[in-house]
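**Q** Residue 86 in the numbering used here sits at position 100 of the sequence shown, and the numbers go up by one each step.
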Amino acid sequence: DILFARTMIGVFKNIEYMCNRPNSKTWGKDAWKKIVVCVVSDGRAKINPRTKAILSGMGVYQEGIAKQQVNNKDVTAHIYEYSTHTHLQLKNGVVSLVHNRQPVQMLFCLKEKNQKKINSHRWFFQAFGRVLDPNICVLIDAGTRPGGNSIYHLWKAFDLEPTCGGACGEIKAMLGTGGKNLINPLVAT
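1) Looking at the structure shown, is I65 part of a helix, part of a strand, or coil, going by DSSP?
2) Quick one: using the 10 Å Cβ neighbour count with 16 as the cut-off for buried, is T149 buried or exposed?
3) Report yes if the CB atom of N100 is closer than 7 Å to the CB atom of Y3, and no otherwise.
4) Helix, strand or coil for D60? Go by DSSP, reduced to three states.
5) Do the CB positions of Y74 and I126 come within less than 7 Å of each other?
6) Find out if the Cβ-Cβ distance for the pair F111, V25 is shorter than 7 Å.
7) Would you be able to state if there are at least three C-beta pairs under 8 Å between the region 30 to 46 and the region 79 to 89?
8) From this set, P120, T163, D145, P132, which residue's C-alpha is nearest K263's C-alpha?
9) Would a C-beta distance cut-off of 7 Å place G50 and K97 closer than the cut-off?
10) Identify every residue that forms a DSSP beta bridge with V22.
11) If I measure Cβ to Cβ from T163 and keep anything under 6 Å in the same chain, skipping five residues before and after, which residues do I get?
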């Protein structure tokens, strides 16, 4: 739940940044209407219950709706859609909900079976990509926290160079206050 929250907080900050660009021809007050956040979770039995609780609190997920079969046919995935006004806050390892914030259009795809990351990417591109027909897609793993305007800068790279086929952002280790995470050998290397 902390990894998911960390990522979503960064995504929400980027959407707020784009909505606060009044002189932009593309973005501005209603920028959120041009952005859809798709969350694909790999396996109904595998999803962290606290992450489900966060999604429920945001209005994106409803417990008890998903079934393994409908009309004797196996279900592949469960899709939820909601425009939420609820963002997240992370303090001292505790995730809390913050209401009445910038709207965010969300799609949540809960795959019935755990079929790994590549299958999740396939779901995103083949199912949602065809319907949404996006100009650009940004893939972010849970736990990766985008900077406050980093998604905007990725978009800008595509906007300035229409023939650009791909771009990636820089990933930095989260050092913690005063570099305290450097004590952890996984962060320090």
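For glycine and all other residues, C-beta sits at the position ideal for the given N, C-alpha and C.
It should be emphasised that the depicted structure is a prediction, and the values quoted were computed from it without experimental measurement.
**A** Looking at the atomic coordinates:
1) On the sequence shown, residue 65 is found 79 positions in, with the first residue counted as 1. Strand, per DSSP.
2) Start at 1 with the first residue of the sequence shown, and residue 149 comes out as number 163. Exposed, because fewer than 16 other Cβ atoms sit within 10 Å of the Cβ of T149.
3) In the sequence shown, residue 100 corresponds to position 114, counting from 1. In the sequence shown, residue 3 corresponds to position 17, counting from 1. No, these two residues do not count as a Cβ contact at 7 Å.
4) The residue you call residue 60 lines up with position 74 of the sequence shown. Per DSSP, reduced to three states, the secondary structure at D60 is strand.
5) By 1-based counting over the sequence shown, the position of residue 74 is 88. By 1-based counting over the sequence shown, the position of residue 126 is 140. According to the sequence shown, residue 74 is Leu rather than Tyr. Not closer than 7 Å, so no.
6) Taking the sequence shown and counting its residues from 1, one reaches residue 111 at position 125. Taking the sequence shown and counting its residues from 1, one reaches residue 25 at position 39. For F111 and V25, no; Cβs fall outside 7 Å.
7) yes
8) Because the chain spans -13 through 175 in this model, residue 263 falls outside it and cannot be assessed.
9) Start at 1 with the first residue of the sequence shown, and residue 50 comes out as number 64. Start at 1 with the first residue of the sequence shown, and residue 97 comes out as number 111. Not a contact, by the Cβ cut-off of 7 Å.
10) Along the sequence shown, read from residue 1 onward, the residue named residue 22 stands at position 36. According to DSSP, which records beta bridges pairwise, V22 is partnered with Q91.
11) For the purposes of this step, residue 163 is taken as residue 177 along the sequence shown, with counting starting at 1. Same-chain partners within the cutoff: there are none.
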